[in-house]
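In the working numbering, the protein residues as written are 682 to 1005. Okay, so here's the structure we're looking at.
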Ligand code: PMV
């Protein structure tokens, strides 16, 4: 590896308190802070190589050459790195996910986190974690949270510089797991970049945002105190509130399928029977079921029995983005 190349790996994350809506969409400055958990075992691995011989940036994802909007978004991040490092070379970017792209696990978080770390190092920049998190945020908001380790809070901040994510607890702090019910493997109809822009059209968004500091505080405390019941209550409320905003946006965003509801109902009834489980849903139909690692195998087996559940992915709490 020469001094103009680097490879980095980052995990996706699941939001406990959701990011939905921007106050500045170009800078991806959110209207509220968010809290998430990194997902161990799932990752994007990305190599960036700045080369004097290239006329244009090149992007290969899972073996396929990508142009258009996807390449533009990556070049935007590379431009910021070139500017900061004072280099003009174009780059070759080669990226692989170890989880199926069509499986409905958002890959933009792990992808832009791995890109931000690999690109800065390839350009010779040794930035602190907060600066890499800020750069990742400019590619995809949730990517800012895939830079630090374990349980992570993205502070909304005052401006571009301080809207960054920090670890609030390391992975070993709490043995939680995420069992993801895959109920549809199709690509989502509306991506989150367009979704954030629709958030202010819902009459419920103002109330969701106004109440966010309270939910963040309850979630942060539940994580720090390892209080599963408190966590379950706040993450289900937060997910329901985001989906209420989505369903009441104009045009409406409706991500749930019948199997989505079937999993939500099962989770509620298992919890009533004493099993520690809680659901949360991102901008898609798949349901993330959070539980202690001790219950992960049992929960995944129960989930597989629900009609309409095609597969269940399992992940423990993941570490930070890192160079490989
Ligand atoms: O980072 P984006 O623009 O893909 O937005 C992510 C939005 C949600 O996944 C729905 C919520 C979140 O905080 O991850």
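Glycine included, C-beta positions come from ideal geometry on N, C-alpha and C. Note that this is a predicted model, so its numbers are computed, not measured.
What do you reckon, are the CB atoms on residue 850 and residue 944 nearer than 9 Å?
-> no
Looking only at its own chain, which residues have a Cβ that is under 6 Å from the Cβ of residue 923, when we skip the five neighbours before and after it?
-> 699 and 701
Count the C-beta pairs between the stretch 972–979 and the stretch 809–816 that are closer than 8 Å, then say yes if the count reaches three, no if not.
-> no
State the DSSP-derived secondary structure class of residue 931, mapped to helix, strand or coil.
-> coil
Three-state class that DSSP yields for residue 687 in the structure shown = strand
Beta-carbon contacts of residue 818 that lie in its chain and below 6 Å, excluding the five residues immediately before and after = 709 and 825
May I ask you to verify whether the stretch 981–991 touches the stretch 930–942, counting CB pairs closer than 8 Å and requiring at least 3?
-> yes
Going by the C-beta, is residue 967 closer than 8 Å to any heavy atom of the ligand PMV?
-> no
Close-in-space but distant-in-sequence residues of the same chain around residue 878 (CB under 7 Å, 5 per side omitted) = 706
Ordered list of beta strand (DSSP E) runs contained in the stretch 691–763, each at least 3 residues | 694–698, 703–705, 715–719, 725–732, 739–742 and 745–747
Residues sharing a beta bridge with residue 859, DSSP = 971 and 996
Pick out the complete alpha helix (DSSP H) segments inside the stretch 864–902, 4 residues or longer, and give them in chain order.
-> 873–879 and 886–891
In whole angstroms, what is the alpha-carbon distance linking residue 840 and residue 715?
-> 16 Å
Measuring CA to CA, which of 983, 800, 935 and 773 is closest to residue 1005?
-> 800
Buried versus exposed, by CB contacts within 10 Å (16 or more), residue 733 | exposed
Between the C-alpha atoms of residue 703 and residue 883, what's the straight-line distance to the nearest angstrom?
-> 14 Å
So is residue 950 buried or exposed if we call it buried at 16+ other beta carbons inside 10 Å?
-> exposed
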